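A short write-up of the structure that comes next.
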Amino acid sequence: MCTVCGCGTEPVVEKGHAHAHGHGHGDHHDDHHHDHDDHHAHAHPHGDGHSHDHEHQHEHGDEGVIHYGQGIAGVHVPGMSQERIIQVERDILSKNDGFAAENRAYFAANGIFALNFVSSPGSGKTSLLVRTISDLRERLAIGVVEGDQQTSNDAARIRETGAPAIQVNTGKGCHLDAHMVGHAVEELAPAKNSVLFIENVGNLVCPAAFDLGEAHKVVLLSVTEGEDKPLKYPDMFAAADLMILNKADLLPHLYFDVGACIANALRVNPRLQTLVVSARTGEGMPAFYSWLEANAAMAVTRALAKAG
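In this text, residue positions in the sequence shown follow the numbering used here: the first is 331, and each later residue adds one.
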């Protein structure tokens with residue numbers, strides 16, 4: 331879990347693509363000027379001796395398996411007790427949750443339907459967003475926050491569709507957090523009653539723990555990744571509300587059991603909604619568009635009711 335591993339570093343929010351909107355968050359996000367390190371710096375109390383305390387840090391389960399996730403913290407950090415891990419994790423996540431609450435309040439007040447897209451690298455997140463924006467450009471106003479460790483390649487692809495996009499580079503960091511997203515939203519200034527796509531860093535582990543203020547986490551899984559991926563990375567699938575099984579056009583060329591994959595996902599999260607699509611051919615995409623438009627409309631309705 332990267333809440334305790336020390337992977338965080340100060341992000342770079344790409345400048346120069348704010349599209350002359352000004353900053354839409356207003357006063358409630360003034361504290362975003364604080365250094366990112368204030369709330370996301372991870373201590374490494376290894377101690378001078380760097381002792382490994384092997385007898386307490388893992389358990390032997392099935393034959394040939396050493397399990398480091400059986401302690402009360404669910405994770406192993408050398409030189410740190412399970413109780414200390416929990417304390418550090420709670421401190422980091424509570425600060426993140428404060429920023430997430432500010433983001434969520436801003437989205438709700440402005441009728442912005444925000445989605446957090448998470449997946450392994452290469453599952454087709456950006457391709458799915460490009461297809462969606464291109465197909466719905468006359469029906470929805472869509473803005474995008476792109477998260478990657480380096481480059482602005484994905485934000486450039488989004489801008490080619492005509493949609494506004496801001497790139498957040500996390501450096502060595504393996505996920506976006508709510509503080510980063512707050513800065514990015516200030517820069518992007520999404521329109522009222524719009525849709526905001528947040529494309530997280532490609533990683534099926536760490537982003538599961540970090541609330542960004544989104545309405546839903548959407549987990550993408552490519553048919554090239556294997557039916558058991560939800561069982562291998564259960565935290566992400568448990569945190570998601572929608573699973574999109576992408577690259578369905580490749581199914582004739584693969585040994586992949588769609589039914590088994592969905593069953594595995596539902597074992598982890600029985601409330602998970604599932605869709606099978608191809609961002610390349612458009613197969614199954616209308617079902618996603620219907621889900622997206624219905625939820626975006628509800629976000630606008632709630633904002634109007636709250637304002638009125």
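We put the CB at the ideal spot given by N, CA and C, even for glycine.
All values derive from a computational prediction rather than experimental measurement.
Name the DSSP beta bridge partners of residue i, please?
i           : result
residue 573 : 549 and 604
residue 478 : 499
residue 342 : 499
When the Cα of residue i is compared with those of the options, which residue comes out closest?
i           : options               : result
residue 588 : 569, 622, 551 and 618 : 551
residue 524 : 431, 504, 438 and 577 : 438
residue 549 : 458, 394, 395 and 342 : 458
residue 545 : 591, 479 and 621      : 621
residue 499 : 424, 539, 571 and 483 : 483
residue 569 : 593, 631 and 600      : 600
residue 464 : 447, 480 and 489      : 489
residue 425 : 578, 543 and 615      : 543
residue 481 : 502, 471, 578 and 466 : 502
residue 452 : 576, 616 and 487      : 576
residue 487 : 564, 456 and 519      : 456
residue 479 : 467, 504, 567 and 462 : 504
residue 485 : 467, 509, 563 and 460 : 460
residue 454 : 563, 610 and 471      : 610
Can you round the beta-carbon distance between residue i and residue j to whole angstroms, since I take them to be within the 8 angstroms contact cut?
i           : j           : result
residue 574 : residue 445 : That pair is no contact at about 11 angstroms.
residue 526 : residue 473 : 5 angstroms
residue 623 : residue 469 : 7 angstroms
residue 629 : residue 447 : Not quite, the Cβ-Cβ distance comes to about 17 angstroms (not below 8 angstroms), so this is no contact.
residue 571 : residue 547 : 6 angstroms
residue 423 : residue 539 : 6 angstroms
Under the three-state reduction of DSSP, which class applies to residue i: helix, strand or coil?
i           : result
residue 352 : Residue placement at residue 352 is poorly supported in this model, since its pLDDT is 40, which falls under 50; the coordinates still yield a value, given next. Residue state, collapsed to three classes: coil.
residue 433 : helix
residue 535 : coil
residue 515 : helix
residue 448 : strand
residue 442 : coil
residue 527 : strand
residue 473 : strand
residue 366 : In this prediction, residue 366 has a pLDDT of 43, which is less than 50 and means its spatial position is unreliable; what the coordinates show is noted afterwards. Reduced to three states, the DSSP call for residue 366 is coil.
residue 395 : coil
residue 543 : coil
residue 585 : coil
residue 631 : helix
residue 486 : helix
residue 558 : coil
residue 467 : coil
residue 505 : coil
residue 599 : coil
residue 521 : coil
residue 621 : helix
residue 424 : helix
residue 413 : helix
residue 462 : helix
residue 457 : helix
residue 493 : coil
residue 609 : coil
residue 375 : Because residue 375 sits at a pLDDT of 46, beneath the cut-off of 50, its placement in the model cannot be relied upon, and the following sentence gives the value as read from the coordinates. Note: residue 375 maps to coil in three-state DSSP.
So, residue i versus residue j, is the Cβ gap smaller than 7 angstroms?
i           : j           : result
residue 537 : residue 598 : no
residue 553 : residue 514 : no
residue 541 : residue 430 : yes
residue 450 : residue 534 : yes
residue 531 : residue 492 : no
residue 511 : residue 433 : yes
residue 618 : residue 605 : yes
residue 557 : residue 590 : yes
residue 584 : residue 595 : no
residue 635 : residue 608 : no
residue 517 : residue 496 : yes
residue 640 : residue 441 : The requested residue 640 does not occur in the structure, where the chain is confined to residues 331 to 638.
Please tell me whether residue i has its Cβ less than 7 angstroms away from any Cβ of chain D.
i           : result
residue 546 : No chain D appears in the structure shown, which is made up of a single protein chain.
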